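Numbering (the working numbering), first residue to last: 8 to 414. The beta-carbon is built from N, C-alpha and C at its ideal position, and this holds for glycine as well. The structure presented is a predicted model; accordingly, all values stated were derived computationally and were not measured. For reference, the structure discussed in these notes is given below.
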């Protein structure tokens with residue numbers, strides 16, 4: 008468990024740095040028209056991340072790929088490359104509808120990292136130094152409708168990965184759920200009556216490996232008048248085709264009953280890609296700008312005081328604040344609320360502390376926060392057991408507490 012926590016910490020730190028750099032640098036029926044039904048697939052937990060089912064090709068080939076709101080490219084490892092890749096390989100030769108994009112079609116994707124020799128080729132870098140390179144291609148995407156039937160979408164743009172570095176949590180590729188024209192939600196919106204909405208419910212860290220929860224696309228993904236649902240406005244400081252992140256306005260953090268009055272400058276966006284606060288399903292732990300991080304950590308430690316013995320395990324875990332905590336002492340852990348514009352995100356205990364080892368009657372737990380000098384990120388541990396709603400049409404993001412494994 009300790010190695011797992013350290014891996015998640017290191018991956019979160021690396022991803023945070025990479026996203027910061029990117030911001031600064033900027034039954035079955037064939038259907039070719041619009042669907043009157045919404046689409047659904049399953050979400051499952053993989054180490055430090057969450058994955059979804061995706062089907063490409065004719066006939067469909069099925070895959071498990073990371074679901075990532077921090078990037079926009081959809082790609083799968085192709086069978087025409089490195090045979091050492093640990094995952095199911097997409098085989099273009101088995102599909103009658105596979106077509107690599109030609110040079111004259113590269114520009115429509117609006118990606119500066121494209122080359123053409125002779126097909127439209129891409130290079131895409133991720134936070135943990137993982138990378139995918141390959142051919143931008145067209146293929147038929149098969150989606151499950153909410154009534155149990157299927158819809159086939161032609162000419163879906165995706166990356167046929169030819170050279171991929173990194174583990175990608177043992178999955179078969181990655182589905183970019185961010186903003187921008189090549190993202191998964193943007194590409195399927197025309198087949199949902201131009202509705203660009205989706206929602207997920209991230210399973211709890213300690214749920215069974217077999218647990219699944221729904222990922223919904225379409226109008227039903229953001230239902231109206233659901234009790235307890237809160238929404239915060241979505242910010243658009245940059246053109247989504249260049250920087251596709253989901254920015255929101257974090258006003259403050261409340262620890263216990265104490266508002267911290269974090270300076271607005273901690274999350275200010277300067278127009279050069281610096282600062283800001285985003286939601287990202289692909290980052291494990293929440294990462295806060297140094298000013299905000301120190302406010303939260305110092306207040307948390309002061310409020311807990313000596314009621315739980317603090318232990319120094321930062322060299323092992325990468326986390327600054329750790330305690331030996333018995334079951335009876337859990338009640339002493341301060342509550343934590345992220346105060347967004349027009350909506351509060353009230354974190355349950357399991358979204359605040361990470362448990363990584365048990366000795367006798369004591370359990371070692373650490374505060375699930377990391378520090379950064381750049382982009383602040385609301386990670387997936389803090390989002391678990393909430394249904395998170397992305398409403399691109401109305402530029403808002405919402406959430407409501409849920410038992411994700413029971414949905």
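With a threshold of 8 angstroms, are at least 3 pairs of Cβ atoms found where one atom belongs to the region 391-398 and the other to the region 198-207?
yes
Should residue 2 and residue 404 be called a contact, given that it needs their Cβ atoms to be closer than 8 angstroms?
Nothing can be reported for residue 2: it is not among the residues displayed for the chain, which extend from 8 to 414.
CB-CB length for residue 389 against residue 358, believed under 8 angstroms
5 angstroms
State the start and end residues of the unbroken beta strand (DSSP E) segment that holds residue 152.
138-152
What residues match up with residue 164 in a beta bridge as DSSP calls it?
145
Pull the bridge partners of residue 58 from the DSSP assignment, please.
51 and 73
Residues that DSSP places opposite residue 280 in a beta bridge
Paired residues: none, contrary to the question.
Using CA atoms only, rank isn't needed, just tell me which of 246, 151 and 236 is closest to residue 159.
151
If distances are taken between C-alpha atoms only, which option among 369, 284 and 303 comes closest to residue 264?
303
Please classify residue 244: does DSSP put it in a helix, a strand, or coil?
coil
N- and C-terminal bounds of the alpha helix (DSSP H) containing residue 192
191-195
Determine the contact status of residue 16 and residue 354, defining contact as a CB-CB distance below 8 angstroms.
no
How many Å lie between residue 341 and residue 311 at the Cα?
7 angstroms
My output table needs one value for residue 336: the three-state DSSP class, helix, strand or coil.
helix
Taking DSSP's pairing of strands, which residues face residue 266 in a bridge?
261
Using DSSP with H/G/I as helix, E/B as strand and the rest coil, what is residue 34?
With a pLDDT of only 38 at residue 34, under 50, the local geometry of the prediction cannot be trusted, and no value is derived from it.
For residue 132, collect the residues of the same chain with a Cβ closer than 6 angstroms to its Cβ; drop the 5 residues on either side in sequence, then sort them by chain order.
138
Would you grab the beta carbon distance between residue 250 and residue 289 for me? Rounded to a whole angstrom, and I think it's under 8 angstroms.
Their Cβ separation, rounded to whole angstroms, is 15 angstroms, which puts residue 250 and residue 289 out of contact at 8 angstroms.
Can you tell me the Cβ-Cβ gap for residue 267 and residue 256, rounded? I've got them flagged as a contact below 8 angstroms.
Not really, about 16 angstroms apart at Cβ, beyond 8 angstroms.
Sequence-distant residues of the same chain with beta carbon closer than 7 angstroms to residue 414, five excluded per side:
208, 220 and 221
Using a 10 Å radius around the Cβ and a threshold of 16 neighbouring Cβ atoms, would you call residue 338 buried or exposed?
exposed
Buried/exposed call for residue 410, threshold 16 Cβ in 10 Å:
exposed
Residues that residue 405 bridges to, as DSSP identifies them:
238 and 396
Would you tell me roughly how many angstroms separate the C-alpha atoms of residue 301 and residue 324, rounded to the nearest one?
18 angstroms
Would the beta-carbon of residue 141 fall within 8 angstroms of that of residue 127?
no
Residue 73 and residue 178 closer than 8 angstroms at C-beta:
yes
According to DSSP, residues forming a beta bridge with residue 128:
122 and 142
Cut-off 6 angstroms between Cβ atoms - residues of its own chain near residue 190, not counting five sequence neighbours on either side
79 and 183
Where residue 186 and residue 197 are concerned, what is the direct C-alpha to C-alpha distance, given to the nearest angstrom?
15 angstroms
Alpha carbon to alpha carbon, how far is residue 163 from residue 129? Give it in angstroms, no decimals.
16 angstroms
Residue nearest to residue 371 in terms of C-alpha spacing, selected from 361, 379 and 380:
361
Could you tell me the alpha carbon to alpha carbon distance between residue 236 and residue 254, rounded to whole angstroms?
19 angstroms
For residue 198, three-class secondary structure by DSSP
helix
Measuring CA to CA, which of 18, 157 and 383 is closest to residue 66?
157
What residues in its chain sit with their C-beta under 6 angstroms from that of residue 52, if we drop five residues either side in the sequence?
210
Are the CB atoms of residue 299 and residue 273 within a distance shorter than 8 angstroms?
yes
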